[in-house]
Amino acid sequence: MSELQFDAKQLITSMVGTSLEPWAEALATAVLNQGHALKHGHLPRWESAVKSLPENTGSGWRIEDGAVCTASHLASDQTDALEQALSELMPWRKGPFLIGPVLLDTEWRSDWKWDRILPHLASLEDRLVLDVGCGSGYHLWRMREAGAKQVLGIDPSLLYLKQFDAVQHYAQEPALHFLPLTMEALPENMQVFDTVFSMGVLYHRREPMTHLAELRQALRPGGELVLETLVIPGGGDASLSIGERYANMRNIYELPTVEHLENWVEAAGFGDIRTVSVQETSLEEQRRSHWMQSHSLEQALRTDDPSLTIEGYPRPVRAVLLATA
Numbered sequence: 001m002s003e004l005q006f007d008a009k010q011l012i013t014s015m016v017g018t019s020l021e022p023w024a025e026a027l028a029t030a031v032l033n034q035g036h037a038l039k040h041g042h043l044p045r046w047e048s049a050v051k052s053l054p055e056n057t058g059s060g061w062r063i064e065d066g067a068v069c070t071a072s073h074l075a076s077d078q079t080d081a082l083e084q085a086l087s088e089l090m091p092w093r094k095g096p097f098l099i100g101p102v103l104l105d106t107e108w109r110s111d112w113k114w115d116r117i118l119p120h121l122a123s124l125e126d127r128l129v130l131d132v133g134c135g136s137g138y139h140l141w142r143m144r145e146a147g148a149k150q151v152l153g154i155d156p157s158l159l160y161l162k163q164f165d166a167v168q169h170y171a172q173e174p175a176l177h178f179l180p181l182t183m184e185a186l187p188e189n190m191q192v193f194d195t196v197f198s199m200g201v202l203y204h205r206r207e208p209m210t211h212l213a214e215l216r217q218a219l220r221p222g223g224e225l226v227l228e229t230l231v232i233p234g235g236g237d238a239s240l241s242i243g244e245r246y247a248n249m250r251n252i253y254e255l256p257t258v259e260h261l262e263n264w265v266e267a268a269g270f271g272d273i274r275t276v277s278v279q280e281t282s283l284e285e286q287r288r289s290h291w292m293q294s295h296s297l298e299q300a301l302r303t304d305d306p307s308l309t310i311e312g313y314p315r316p317v318r319a320v321l322l323a324t325a
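If you read the sequence shown in my numbering, its first letter stands for residue 1, the second for the next number, and so on.
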């Protein structure tokens with residue numbers, strides 16, 4: 001099993017002169033302390049794919065029709081090599097991306113989620129932002145586009161790290177960082193981030209209050225929490241305990257009503273709590289694609305009653321909640 005070769009010195013150097021500089025060594029140490037989590041049997045294939053990406057005569061990126069676009073100077077005869085390299089990094093779940101002429105039509109239309117959230121956010125202009133469970137890093141570019149000064153994404157998946165590396169191979173955006181860390185591994189009591197996003201993470205935590213406490217410790221006083229998570233329909237202060245699976249997903253423990261979620265956040269010490277979006281996930285927003293060919297939302301719903309998951313639970317509904325540390 002191959003191990004990620006993490007360059008601690010490069011990370012520390014990249015953070016010189018930024019708001020993260022005082023924390024650079026602690027962050028590097030946190031990554032190095034991950035041990036077995038930095039190993040994966042497919043890592044050589046993923047790293048080879050990134051190294052095999054065709055070279056580009058320019059760098060940079062833009063957002064167009066919701067996609068993070070880069071590699072616009074790629075020669076047309078390099079398309080096959082580009083597509084082959086990107087296919088070695090499948091499945092692509094969060095996006096979309098347009099790399100040269102290749103559109104990565106990912107499982108999730110992550111731009112739709114961003115469009116729901118952005119109008120409600122405090123301005124990200126010149127902010128230091130943390131994205132917990134950032135996946136491929138799609139939203140890191142959207143946060144930067146919205147004016148964030150520096151964005152740190154953390155996610156333990158080495159595949160997602162290499163997908164981010166593939167996009168960065170062309171984008172070369174110095175204000176974005178991706179570290180293979182869980183929230184639990186982040187240095188305690190940083191209290192440095194102006195905005196912290198936790199999207200699609202809380203329901204994977206056996207102890208949701210612990211996760212909320214960790215998010216608060218990362219935020220500066222007065223900073224903004226952006227929490228997106230699964231909820232169950234209906235009112236009241238209630239929650240649903242989940243068995244082995246929910247919508248084909250493992251490690252789902254408890255789904256609250258919106259009221260119960262708000263009570264959790266209040267108990268964690270946050271104020272100015274407001275739920276700004278509650279929406280059932282559609283088959284247009286989450287679905288199979290050429291770049292993610294395994295089971296998706298449609299295969300997780302009952303064919304005779306798509307209002308229920310195949311396990312008999314309510315169909316996925318996602319809420320977005322904002323709060324202040």
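For every residue, glycine included, the Cβ atom is placed at its ideal position computed from N, Cα and C. Model, not experiment: these values are computed from the prediction.
Please report the Cβ distance between residue i and residue j, rounded to the nearest whole angstrom; I am assuming they are in contact, meaning their Cβ atoms lie under 8 Å.
i: Arg-220; j: Tyr-253; result: In fact, because the Cβ distance is near 29 Å, the residues do not count as touching under 8 Å.
i: Leu-283; j: Glu-298; result: 5 Å
i: Ala-166; j: Leu-89; result: 6 Å
i: Phe-193; j: Val-129; result: 6 Å
i: His-73; j: Thr-57; result: 4 Å
i: Glu-107; j: Pro-96; result: Contact flag wrong, Cβ pair sits at about 10 Å.
i: Val-276; j: His-120; result: 4 Å
i: Arg-144; j: Thr-195; result: Actually they are not in contact, since the Cβ atoms of Arg-144 and Thr-195 sit about 12 Å apart, beyond 8 Å.
i: Glu-173; j: Trp-61; result: 6 Å
i: Ala-325; j: Gly-222; result: 6 Å
i: Val-258; j: Ile-117; result: Not quite, the Cβ-Cβ distance comes to about 16 Å (not below 8 Å), so this is no contact.
i: Pro-180; j: Val-31; result: 6 Å
i: Gly-66; j: Thr-79; result: Incorrect: roughly 22 Å between the Cβ atoms, too far for contact.
i: Leu-202; j: Thr-182; result: Not confirmed; about 13 Å, so no contact.
i: Leu-86; j: Val-102; result: 6 Å
Comparing C-alpha positions only, which one of the options sits nearest to residue i?
i: Leu-322; options: Glu-184, Ala-49, Ser-198 and Asp-126; result: Ser-198
i: Ala-336; options: Trp-264, Leu-225 and Ile-117; result: Because the chain in this structure spans residues 1 to 325, residue 336 falls outside the shown range and cannot be described.
i: Leu-4; options: Thr-18, Thr-13 and Asn-33; result: Asn-33
i: Thr-70; options: Ile-310, Ala-171 and Gln-286; result: Ala-171
i: Arg-245; options: Glu-280, Gly-222 and His-204; result: His-204
i: Pro-208; options: Val-151, His-260 and Val-196; result: His-260
i: Arg-109; options: Ile-310, Gly-234 and Thr-281; result: Thr-281
i: Trp-291; options: Glu-55, Leu-176, Val-50 and Gln-84; result: Gln-84
i: Pro-233; options: Pro-256, Asn-251, Gly-243 and Ala-218; result: Pro-256
i: Ile-242; options: Ile-310, Asp-65, Gly-222 and Leu-38; result: Ile-310
i: Met-190; options: Asp-7, Leu-27 and Thr-18; result: Leu-27
i: Ala-122; options: Arg-274, Glu-214 and Leu-38; result: Arg-274
i: Ala-268; options: His-211, Leu-240 and Thr-303; result: His-211
With residue i as the anchor, note down where its alpha helix (DSSP H) starts and where it stops.
i: Ser-14; result: 8–14
i: Phe-270; result: Element bounds for Phe-270: n/a, residue is neither H nor E.
i: Asp-111; result: 110–117
i: Asp-305; result: Per DSSP, Asp-305 belongs to no alpha helix (DSSP H) and is neither H nor E.
i: His-169; result: 158–171
i: Pro-44; result: 43–51
Straight-line CA distance for residue i to residue j?
i: Arg-315; j: Ser-136; result: 25 Å
i: Gly-200; j: Lys-149; result: 24 Å
i: Ala-24; j: Gly-235; result: 44 Å
i: Ala-247; j: Arg-318; result: 13 Å
i: Leu-225; j: Glu-266; result: 12 Å
i: Ser-296; j: Gln-286; result: 7 Å
i: Val-278; j: Trp-112; result: 13 Å
i: Asp-105; j: Ala-49; result: 19 Å
i: Arg-216; j: Glu-21; result: 20 Å
i: Ala-8; j: Asp-155; result: 17 Å
i: Phe-164; j: Ser-307; result: 34 Å
i: Phe-178; j: Ser-2; result: 20 Å
i: Arg-288; j: Trp-114; result: 20 Å
i: Trp-141; j: Gln-168; result: 10 Å
i: Gln-293; j: Glu-64; result: 25 Å
i: Leu-82; j: Glu-47; result: 14 Å
Could you give the first and the last residue of the continuous beta strand (DSSP E) run that contains residue i?
i: Ser-198; result: 193–199
i: Arg-315; result: First-last for Arg-315: undefined, no H or E at that position.
i: Ala-67; result: 67–70
i: Arg-62; result: 61–64
i: Arg-338; result: The requested residue 338 does not occur in the structure, where the chain is confined to residues 1 to 325.
i: Ser-239; result: 239–241
i: Leu-176; result: 176–179
Does the beta carbon of residue i fall short of 7 Å from some heavy atom of the ligand GTP?
i: Ala-185; result: Ligands displayed in this structure: none; no statement on the ligand GTP is therefore possible.
Taking one C-beta from the region 41–55 and one from the region 153–165 each time, how about it: are there three or more such pairs within less than 8 Å? yes
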